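Notes follow once the structure below has been shown.
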Amino acid sequence: MATVIPGALADHLTAQTITDADTLTTLDGARRGRGRTLVIEPASTRVLHVISTYAEAILENRKLHTDAEARAARLWIQRVGHAPAAPAAEAVETPGRDNLADTVICPFCRVGAGVRCITRAGKPARDVHGPRVKALEDAAGITQHRAERFREADARGLAKTLDHKAEAALFATYAARIATPVQAPTAPRDEPSDWWTIMDPATGEEVARVYGETYQDMTPRAEALPEVRAVIRRHKGFSRRRLLTSELTPAQRAEQAEAAEQVAPLTTTDATAGTWRGAWIGEHQAADALFVVDHAEEQGALFDRAAQ
8 MATVIPGALA
18 DHLTAQTITD
28 ADTLTTLDGA
38 RRGRGRTLVI
48 EPASTRVLHV
58 ISTYAEAILE
68 NRKLHTDAEA
78 RAARLWIQRV
88 GHAPAAPAAE
98 AVETPGRDNL
108 ADTVICPFCR
118 VGAGVRCITR
128 AGKPARDVHG
138 PRVKALEDAA
148 GITQHRAERF
158 READARGLAK
168 TLDHKAEAAL
178 FATYAARIAT
188 PVQAPTAPRD
198 EPSDWWTIMD
208 PATGEEVARV
218 YGETYQDMTP
228 RAEALPEVRA
238 VIRRHKGFSR
248 RRLLTSELTP
258 AQRAEQAEAA
268 EQVAPLTTTD
278 ATAGTWRGAW
288 IGEHQAADAL
298 FVVDHAEEQG
308 ALFDRAAQ
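Right, dumping it as structure tokens:
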């Protein structure tokens with residue numbers, strides 16, 4: 008659609024350095040109308056908005072332009088309208104006392120974090136209570152910063168002043184810290200221990216705790232205890248269960264760790280020497296059979312005649 012630019016405004020535009028490519032193309036393709044006017048055919052309303060911006064600048068700086076330019080700018084705006092307002096930048100709220108106070112518990116009204124302070128009647132308070140602001144400053148490190156700053160001022164004989172820039176940085180650091188989710192520590196893996204609980208079969212109550220890598224190792228030790236023998240006489244036996252590491256007392260954990268340290272060198276020696284529980288595992292003679300049954304000793308304790 009053809010649009011007429013008033014003469015004085017057209018002359019003003021030709022003298023400007025316009026950076027919008029569509030507007031430049033439109034003005035280059037314009038034709039002269041009556042007098043000094045220009046007739047343009049804009050491809051989009053963006054071109055009209057750019058010209059309206061120049062017209063508004065003329066009216067805002069009236070003393071820098073002629074009466075003819077002002078009348079032409081006013082006529083253009085009456086025909087086309089004002090340029091759309093630029094979108095306002097989203098305001099970023101700076102972390103401070105007002106927007107961080109509810110991140111701590113209020114010592115005065117006893118409300119939790121995330122809840123506004125309340126009055127004695129239970130209604131929302133108009134302002135944040137002073138003790139809550141003090142608690143926030145303690146959590147953000149403001150109180151400690153001020154104490155160190157005042158102490159240094161006293162030592163130098165200077166006036167005590169607040170460093171608002173440093174305090175704002177401390178508030179920003181505190182806000183970033185509470186915004187970062189804290190990853191819960193991984194719970195230690197609960198594994199079976201070498202301790203056993205001996206229980207009364209009738210009641211399930213624990214009678215004693217006995218150490219043993221296997222139940223064969225544990226049973227003789229348990230049967231040697233007087234309290235366990237009493238249970239055996241009453242019920243012809245006892246119940247047993249291997250304890251988990253989390254169920255051990257500190258003394259039992261220490262004893263198990265000490266036993267593991269003593270066993271580790273023996274296990275390493277057995278692996279290096281090629282033995283298993285005192286029996287040598289050597290090379291087997293080549294034969295059609297899978298095992299050479301004539302030389303049982305060479306197979307270790309599993310085929311030792313003395314063990315049969």
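Be aware that the sequence shown starts at 8, since it is given in my numbering, and climbs by one per residue.
Glycine included, every Cβ here is placed at the ideal spot set by N, Cα and C.
The structure presented is a predicted model; accordingly, all values stated were derived computationally and were not measured.
> Rounded to the nearest angstrom, how far is the Cβ of R247 from that of W203, given a contact under 8 Å?
Replying inline: Within the sequence shown, numbered from 1, the residue matching residue 247 stands at position 240. Within the sequence shown, numbered from 1, the residue matching residue 203 stands at position 196. Right, the Cβ-Cβ distance comes to about 5 Å (below 8 Å), so this counts as a contact.
> Any idea if M225 is buried or exposed, counting beta-carbon neighbours within 10 angstroms, 16 or more meaning buried?
Replying inline: Position 218 of the sequence shown, counted from the start, is the residue given in the question as residue 225. Buried, since its Cβ has 16 or more Cβ neighbours within 10 Å.
> To which residues of the same chain is H19 closer than 6 Å at the C-beta, ignoring the five residues directly before and after it?
Replying inline: Here residue 19 refers to the residue found at position 12 when the sequence shown is read from its first residue. Answer for H19: E76, listed in chain order.
>> When you compare the segment 49-69 with the segment 9-27, are there three or more beta-carbon pairs, one atom per stretch, that lie closer than 8 Å?
In response: yes
> Between C116 and F157, what straight-line distance do the alpha-carbon atoms span, to the nearest angstrom?
Replying inline: The sequence position of residue 116 within the sequence shown is 109, counting from 1. The sequence position of residue 157 within the sequence shown is 150, counting from 1. Answer to the nearest angstrom: the Cα atoms are 30 Å apart.
>> Looking at the secondary structure, which residues open and close the beta strand (DSSP E) in which V111 lies?
In response: Taking the first residue of the sequence shown as 1, we reach residue 111 at position 104. That residue, V111, is in no beta strand (DSSP E); it is neither H nor E in DSSP.
>> Please tell me whether A37 and I47 are closer than 9 Å, where the distance is taken between their beta carbons.
In response: The sequence position of residue 37 within the sequence shown is 30, counting from 1. The sequence position of residue 47 within the sequence shown is 40, counting from 1. Going by C-beta atoms, A37 is nearer than 9 Å to I47.
> Is the Cβ-Cβ distance between A108 and V140 less than 9 Å?
Replying inline: To locate residue 108, count along the sequence shown from 1; it is residue 101. To locate residue 140, count along the sequence shown from 1; it is residue 133. Closer than 9 Å, so yes.
> Nearest CA to the CA of I65: which residue from P49, R53, K130 and W83?
Replying inline: Counting from 1 along the sequence shown, the entry for residue 65 is found at position 58. The shortest Cα separation from I65 among P49, R53, K130 and W83 belongs to W83.
>> Quick check on P131: does DSSP put it in helix, strand or coil?
In response: Along the sequence shown, read from residue 1 onward, the residue named residue 131 stands at position 124. Strand, per DSSP.
> Taking the continuous alpha helix (DSSP H) assigned at V87, which residues delimit it?
Replying inline: The residue labelled residue 87 in the question sits at position 80 within the sequence shown. V87 -> alpha helix (DSSP H) spans D74 to V87.
> Can you name the start and end residues of the beta strand (DSSP E) that E67 belongs to?
Replying inline: Here residue 67 refers to the residue found at position 60 when the sequence shown is read from its first residue. No beta strand (DSSP E) holds E67; the alpha helix (DSSP H) holding it covers T52 to E67.
> How long is the line joining the alpha carbons of V135 and L165, rounded to whole angstroms?
Replying inline: For the purposes of this step, residue 135 is taken as residue 128 along the sequence shown, with counting starting at 1. For the purposes of this step, residue 165 is taken as residue 158 along the sequence shown, with counting starting at 1. So the two alpha carbons sit approximately 32 Å from each other.
>> Quick check: P208 and L250, are their CB atoms within less than 9 Å of each other?
In response: For this step, residue 208 is matched to residue 201 along the sequence shown. For this step, residue 250 is matched to residue 243 along the sequence shown. Against a cut-off of 9 Å, the Cβ pair of L250 and P208 comes out as no contact.
> Per DSSP, what kind of secondary structure is L165 in: helix, strand or coil?
Replying inline: Locating residue 165 in the sequence shown gives position 158, counting from the first residue. L165: coil per DSSP, three-state reduction.
> Should A146 and V111 be called a contact, given that it needs their Cβ atoms to be closer than 9 Å?
Replying inline: Within the sequence shown, the letter at position 139 stands for residue 146. Within the sequence shown, the letter at position 104 stands for residue 111. Yes, Cβ-Cβ distance for A146 and V111 is below 9 Å.
>> Just to confirm before moving on: does the CB-CB distance between E159 and T150 stay below 9 Å?
In response: Sequence index remark: in the sequence shown, residue 159 carries index 152 (1-based). Sequence index remark: in the sequence shown, residue 150 carries index 143 (1-based). Contact: no.
> Could you give the distance in angstroms between the alpha-carbon of R104 and the alpha-carbon of R127?
Replying inline: In the sequence shown, counting from the first residue as 1, residue 104 sits at position 97. In the sequence shown, counting from the first residue as 1, residue 127 sits at position 120. Near 22 Å, if we compare the C-alpha coordinates of R127 and R104.
> Around the C-beta of H291, are 16 or more other C-beta atoms found within 10 angstroms, so that it is buried, or is it exposed?
Replying inline: Along the sequence shown, read from residue 1 onward, the residue named residue 291 stands at position 284. Because the pLDDT of H291 is 48, which lies under 50, any placement of that residue in the model is unreliable, and the number read from its coordinates should be weighed accordingly. H291 is exposed by the Cβ-count criterion.
>> Less than 9 Å between the beta carbons of T44 and I12, yes or no?
In response: Start at 1 with the first residue of the sequence shown, and residue 44 comes out as number 37. Start at 1 with the first residue of the sequence shown, and residue 12 comes out as number 5. Cβ atoms of T44 and I12: closer than 9 Å.
> So A215 is in the beta strand (DSSP E); what residue range does that whole segment cover?
Replying inline: Looking up residue 215 in the sequence shown gives position 208. E213 to Y218 is the extent of the beta strand (DSSP E) around A215.
> Terminal residues of the continuous beta strand (DSSP E) containing D201?
Replying inline: Here residue 201 is taken as the residue at index 194 of the sequence shown, counted from 1. Residues P199 to M206.
> Is it buried or exposed for L71, if we count other Cβ within 10 angstroms and need 16 for buried?
Replying inline: Numbered from 1 along the sequence shown, position 64 holds the residue referred to as residue 71. The residue is exposed, with fewer than 16 neighbouring Cβ atoms inside 10 Å.
> L71 by DSSP, collapsed to three states: which one?
Replying inline: The residue given as residue 71 occupies position 64 in the sequence shown. Three-state DSSP puts L71 in a helix.
>> I'd like the list of long-range same chain contacts for V238, defined as Cβ closer than 7 Å, with 5 residues on each side in sequence excluded.
In response: Within the sequence shown, the letter at position 231 stands for residue 238. So the qualifying residues of the chain are D207, V214 and F245.
> In chain order, which continuous runs of the beta strand (DSSP E) of length 3 or greater are located wholly inside the segment 221-254?
Replying inline: 246-251
>> Would A266 and Y222 qualify as a contact pair, given that the criterion is a beta-carbon distance under 9 Å?
In response: Mapped onto the sequence shown, residue 266 falls at position 259. Mapped onto the sequence shown, residue 222 falls at position 215. No, Cβ-Cβ distance for A266 and Y222 is not below 9 Å.
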